[in-house]
């Protein structure tokens with residue numbers, strides 16, 4: 141599932157999600173991954189390896205959401221919430237997501253009780269880039285040089301689309317829950 145927002149006919153935001161059982165972006169696509177994305181692919185592989193292979197839940201992979209400047213984080217929140225609503229309505233049980241950005245939008249939610257690990261959300265073990273051991277030495281060196289950490293979670297979509305969780309999304313994007321819901325819900329319903 142992908143959603144694109146246009147402003148005056150130009151794309152300004154993109155949200156891309158797919159079934160986690162399908163793996164990465166390049167698997168069985170017939171396309172060749174650019175070598176420049178090899179380090180990112182290794183990070184993804186390390187994060188995906190933390191999914192419980194015995195869990196038979198339908199898990200959505202929240203792969204990417206981005207908004208071009210000067211558009212605000214509110215649009216990021218709306219795009220993300222549209223995807224969550226669509227995934228839940230499509231029968232997915234959980235959402236898997238990770239971030240490789242150190243100063244990401246999620247840092248605004250630090251300490252938010254709505255995002256604390258609970259029975260609806262399980263945080264994956266942080267993945268330091270330097271701990272990833274790809275076969276390619278150049279990629280291994282790139283990961284060590286980047287010196288980052290991927291952080292993520294697996295969360296029930298029923299929780300992510302609830303009045304208990306949406307306030308945390310709103311804090312992250314500097315919006316009110318009502319601003320997000322009143323924009324996202326009609327868009328998701330039209331799908």
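In this note's numbering, the protein residues as written are 141 to 331. By construction, the Cβ of each residue, glycine as well, lies at the ideal position given by its N, Cα and C atoms. This structure is a prediction, so every number in the text was calculated from the model and none was measured.
For residue 266 and residue 196, what's the separation of their Cα atoms in angstroms?
If I take the Cα positions, the gap works out to 23 Å.
For the segment 211-219 against the segment 230-242, do three or more pairs of beta-carbon atoms, one drawn from each stretch, fall closer than 8 Å, so that the two count as touching?
no
Count the other CB atoms, across all protein chains shown, that sit within 10 Å of the CB of residue 234; report buried if there are 16 or more and exposed otherwise.
buried
When you compare each of 170, 274 and 150 to residue 209 by their alpha carbons, which one comes out closest?
150
Only counting the same chain, and skipping five residues up and downstream in sequence, which positions put a Cβ closer than 7 Å to that of residue 309?
217, 220, 221 and 320
According to DSSP, simplified to helix, strand and coil, what is residue 201?
Residue 201 falls in the strand class under three-state DSSP.
For residue 153, which beta-bridge partners are listed by DSSP?
In the DSSP output, where bridge partners are listed per residue, residue 153 has 145 and 207.
Just the Cα atoms here: how many angstroms apart are residue 298 and residue 175?
38 Å
Kindly give me the distance between the Cβ atoms of residue 264 and residue 327, rounded to whole angstroms, as I take these residues to be in contact under 8 Å.
About 29 Å; that fails the 8 Å criterion.
Span of the beta strand (DSSP E), counted from its first residue to its last, around residue 294
289-296
My guess is that residue 155 and residue 205 are in contact by the Cβ rule of under 8 Å, so how many angstroms apart are they, rounded?
4 Å
Between the alpha carbons of residue 311 and residue 305, how many angstroms are there, rounded?
10 Å
Answer yes or no: do residue 201 and residue 229 have a C-beta to C-beta separation smaller than 8 Å?
no
Taking 8 Å as the cut-off, decide whether the C-beta atoms of residue 173 and residue 181 are in contact.
yes
Going by the beta-carbon positions, is the gap between residue 198 and residue 232 smaller than 8 Å?
The answer is yes: Cβ separation under 8 Å.
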